[in-house]
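Student: This is the structure, below, for whatever I ask next.
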Amino acid sequence: MSTVTHTSGQKRPDVAPPGRPTGRRAEAAGSGIGGRIFNGFSHLFLVVWAIMVIYPLLWVVMSALKTDSEVIREPLSLFPKSLQWDNFARAWTAGIDSFFLDTLLVLVFSVTLTMLLGSMAAYALARYEFRGNRLIYWMFLSGLTLPVYLAAVPLFKGVYNMNVVFPLLGPNKHLTLILVYVAWSLSFTVFFMHSFFRTLPDTIAEAAQVDGASHTRTFFSVMLPMARPGLISIGIFNVLGQWNQWYLPTLLMQPVAGEPKNQVIAQGLIELSVNQGYKSDWSGLFAGVTMAMLPVLIVYVVFQRQVQSGLTAGVGK
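What follows is the structure, given as structure tokens:
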């Protein structure tokens, strides 16, 4: 620190002008101003992002409560003159009920099989060393790089040929779509759960085996319950991905003469819009979209904390 010599020969510290901080106080003041500016911009960005996400969802829901004339004349308004609850009943009886049942039937079995097979494969690849371990792991990961559109032609022909050998498989069959969903979702499930199983402590599995537990008992009774946050997270991702899937059901669930038509919710909404022809039932269509959207929103809101804890569990361990 610089000093000033007075006529008396004594030295005293140089005093900064009042109101002007020096040294670390100046740096703290500068960083405080910069931090407040950054926080202001980040909060503004989050507010704008929230509006961009919430407004379309709210617009769809409120449009489902309008009349057709209000949807056409005032498409961007959020508040209908009167709430038209009968739009949901009309959309439900127009075929949404059967679409919901087919979708739930497929998802219950496909998500369950995906979680079971994916967690077992990920556990074996993450906890046991054997020849070809890394090769099998990278083969699973290679499925993430393959767009489903490249497999459309062989998948389509294989499904039709399967119907000759296995009557339960083939076009317009629920089992076909379930197996394809499982194969389509295994890559990401194994990738996610492999990283999660590697974070679990080895001592607990070793203690279980010392107590006489087999490898299967150790997996189902000890390690799988410990991986519950990861299972919930990847389960939500699989539900969202398979619920919103449109391309695979359209490719595989082709109507067959003499058999009842099986369609999932994404196909059904498009069929509702196409079958209207020159008759516009926009309010009923918005009601159908709302009913298809609400289940996944409810699932995510209910399990939001579990999804966040599952995504951060591997980092925190």
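With the numbering used here, you'll find the sequence shown wraps up at 438, consecutive numbering, no jumps. All C-beta atoms, glycine included, are put in the ideal place defined by N, C-alpha and C.
1. Roughly how many angstroms separate the alpha carbons of residue 271 and residue 250, rounded to a whole number?
2. Going by other Cβ atoms of all chains shown within 10 Å of its Cβ, with 16 needed for buried, is residue 303 buried or exposed?
3. Is it buried or exposed, residue 278, if we count other Cβ atoms within 10 angstroms and call 16 or more buried?
4. Out of 365, 377, 394 and 419, point me to the one whose CA is closest to residue 227's CA.
5. Can the beta-carbon of residue 238 be found closer than 8 Å to that of residue 307?
6. Measure how close the beta-carbons of residue 393 and residue 406 come, nearest whole angstrom, since I'm counting them as under 8 Å.
7. Quick one, are the C-beta atoms of residue 387 and residue 212 less than 8 Å apart?
8. Measuring only the C-alpha atoms, how far is residue 261 from residue 363?
9. Okay, do the region 198–216 and the region 169–188 touch, 3+ Cβ pairs below 8 Å being the bar?
10. Which term fits residue 327, buried or exposed, when burial requires 16 or more other beta carbons within 10 angstroms of its beta carbon?
11. To which residues of the same chain is residue 420 closer than 7 Å at the C-beta, ignoring the five residues directly before and after it?
12. Which term fits residue 376, buried or exposed, when burial requires 16 or more other beta carbons within 10 angstroms of its beta carbon?
13. Here's the rule: buried if 16 or more other CB atoms are within 10 angstroms of the residue's CB, otherwise exposed. What is residue 168?
14. To the nearest angstrom, how far is it from the Cα of residue 198 to the Cα of residue 170?
15. Using CA coordinates, which residue listed in 315, 321, 323 and 266 is at the minimum distance from residue 305?
16. Return the CA-CA distance between residue 219 and residue 422, expressed in angstroms with no decimal places.
17. DSSP three-state call for residue 248: helix, strand or coil?
18. If you run the structure through DSSP and keep just helix, strand and coil, what is residue 402?
19. Along the chain, where does the alpha helix (DSSP H) containing residue 362 start, and where does it finish?
20. With burial defined as no fewer than 16 other Cβ atoms inside 10 Å of the residue's Cβ, what is the status of residue 247: buried or exposed?
21. Check whether the region 330–337 and the region 345–352 are in contact - that is, three or more C-beta pairs closer than 8 Å.
22. Kindly give me the distance between the Cβ atoms of residue 313 and residue 351, rounded to whole angstroms, as I take these residues to be in contact under 8 Å.
23. My output table needs one value for residue 322: the three-state DSSP class, helix, strand or coil.
24. Helix, strand or coil: which one does DSSP assign to residue 189?
25. Among 165, 222 and 155, which has the Cα closest to the Cα of residue 382?
Tutor: With the given structure in hand:
1. 33 Å
2. buried
3. exposed
4. 365
5. yes
6. 6 Å
7. no
8. 19 Å
9. yes
10. exposed
11. 357 and 360
12. exposed
13. exposed
14. 20 Å
15. 266
16. 25 Å
17. helix
18. coil
19. 349–364
20. buried
21. no
22. 7 Å
23. coil
24. helix
25. 222
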